[in-house]
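Structure record follows, encoded as structure tokens.
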Amino acid sequence: MDKDINKSILDEIHKGAKMGMDSISFVSEKVGDENFKDNLSYQYNLYGDILDQVNDVYKSYGCIPDDNNVMSQTMAWTGIQMNTIRDKSNSHIADMLIQGTTMGIIEGRKLLNNNPNADKKIVQILDNFVKMQENNVEKLKTFL
Numbered sequence: 096m097d098k099d100i101n102k103s104i105l106d107e108i109h110k111g112a113k114m115g116m117d118s119i120s121f122v123s124e125k126v127g128d129e130n131f132k133d134n135l136s137y138q139y140n141l142y143g144d145i146l147d148q149v150n151d152v153y154k155s156y157g158c159i160p161d162d163n164n165v166m167s168q169t170m171a172w173t174g175i176q177m178n179t180i181r182d183k184s185n186s187h188i189a190d191m192l193i194q195g196t197t198m199g200i201i202e203g204r205k206l207l208n209n210n211p212n213a214d215k216k217i218v219q220i221l222d223n224f225v226k227m228q229e230n231n232v233e234k235l236k237t238f239l
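Under my numbering, the residue at position 86 of the sequence shown is numbered 181, and the numbers go up by one with no gaps.
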């Protein structure tokens, strides 16, 4: 098994889960609808669960994740601030989150399709991550 491929996949899952959590944190303060806030909180926890799984596998590889993504966080925060200046509606926020999540789904599917020899445990986490994001998109659609 290629350790570099496995670590690369773990890095991508880690980055995607952190980005999902950061995005939810940034938009939650703009959401007034309690039902929507509850949904976002639930999604945030799902991302956290995936992150915990990834961190456990990182340990078995003797690695630690790179949490130093200040530039990505700053860009995400700025993008959300700019995109919600005029429109803080549930529909607009759900739309933004759906677009970001869809990019994560696409990246995850590519990783699944192009790495058939990756460690089965990592593939399972990635598959669960993609399916979780697909479910999140379906839930977000109700707020459009």
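Glycine is no exception: its CB is placed at the ideal position from the N, C-alpha and C atoms.
- Assignment of Thr179 by DSSP, reduced to helix, strand and coil, places it in the coil class.
- The beta carbon of Met227 sits closer than 6 angstroms to those of Leu141, all from its chain and outside the five residues before and after it, given in chain order.
- The alpha carbon of Ile175 has as its nearest neighbour, out of Gln138, Met166, Leu235 and Lys125, the alpha carbon of Lys125.
- Distance from the CA atom of Gln194 to the CA atom of Phe131, rounded to whole angstroms, is 17 angstroms.
- Comparing alpha-carbon positions, the option among Val152, Lys216 and Thr173 lying closest to Asp117 turns out to be Thr173.
- When the alpha-carbon of Ser123 is set against those of Lys183, Lys154 and Asn230, the nearest one is in Lys183.
- The way I'd put it, the stretch 217-232 does touch the stretch 132-152; three or more beta-carbon pairs between them come closer than 8 angstroms.
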